[in-house]
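Down below is the structure, laid out as structure tokens.
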Amino acid sequence: MAIGTVAAFWAVSFLFVLTPGADWAYAIAAGLRHRTVVPAVGGLLSGHLVMTAVVAAGVATLVSRSPLVLTALTGVGAAYLVWLGITTLAKPSAPPQAGPEQAPESWVRQAVKGLGISGLNPKVFLLFLALLPQFTDAGARWPLALQILLLGLVHTASCAVVYTGVGAGARVVLRTRPAAARGVTWISGAAMIGIGAVLLVERVVG
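If you count the sequence shown from 1, position 66 lands on 67 in my numbering, and the numbers rise without skipping.
Structure, rendered in structure tokens:
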């Protein structure tokens, strides 16, 4: 693949990563609730890698052509985001110094939550379906699937940097501000619920 093509994709992809959404909300919540954001961010990245593999395999095209399957995917993803948002609001996070120690959550559970948020997000799925193929070259020496995988890895690398910075930054900045930390957690939970609701409404109305 041409370096210019990869660079152009990275520029577009990075702008998408910088846009706050469900991934940002979970990274912030993980930064406030846990000692490290690595498991949560690792789960989010895994979801993006799964989406990349799905698009590369061509399965995404088949799914996008089936309104019933796509509606089901949207419903599951939206319901998961709403559920996670509700649980976040029910148990608002606070920096360790701001309150009693919370029961630690296993790294596996944190990672699975992250995988569910990004892997079940129809917006990510549709973005990859629309964006990744546009930066491939059918006449290139590399197979299309391999080109898509490379672009997906570039996108995932950007996600790793941004999400880790967002989660760690939230923990550092809000460490001595328990009231602000609770406010951010409430905003994060509300954002997850709102995004899930919008996804569901858009699919039903559309």
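Idealized CB from N, CA, C, for every residue including glycine.
Looking at Arg34, Leu46, Ile29, Ile194, the one whose alpha-carbon comes closest to that of Ala112 is Leu46. Using a C-beta cut-off of 8 Å, the segment 17 to 28 makes contact with the segment 112 to 126, since at least three inter-stretch Cβ pairs fall below that distance. Within a 10 Å sphere around the beta-carbon of Val167 sit 16 or more other beta-carbons, which makes this residue buried.
Here the alpha carbons of Val7 and Phe15 stand approximately 12 Å from one another.
A residue is called buried once 16 or more other Cβ atoms fall within 10 Å of its Cβ, and Gly59, having fewer, is exposed. Under the criterion of beta carbons closer than 8 Å, Ala198 and Val83 qualify as touching, at roughly 7 Å. For His35, same chain residues with a beta-carbon under 8 Å away, outside a window of 5 residues either side, are Ala41, Pro105, Glu106, Gln111 in chain order.
His49 carries a helical assignment under DSSP once its states are collapsed to helix, strand and coil. Cβ contact annotation for Ala192 (same chain, cutoff 6 Å, sequence separation greater than five): Ala26, in chain order.
Linking Arg142 to Leu50 through their CA atoms gives a straight-line distance of about 23 Å. The criterion of a C-beta distance shorter than 8 Å is not satisfied by Cys160 and Val13.
In the DSSP assignment, Trp108 falls within the unbroken alpha helix (DSSP H) covering 108 to 120. Leu154 and Pro123 have their alpha carbons spaced roughly 19 Å apart.
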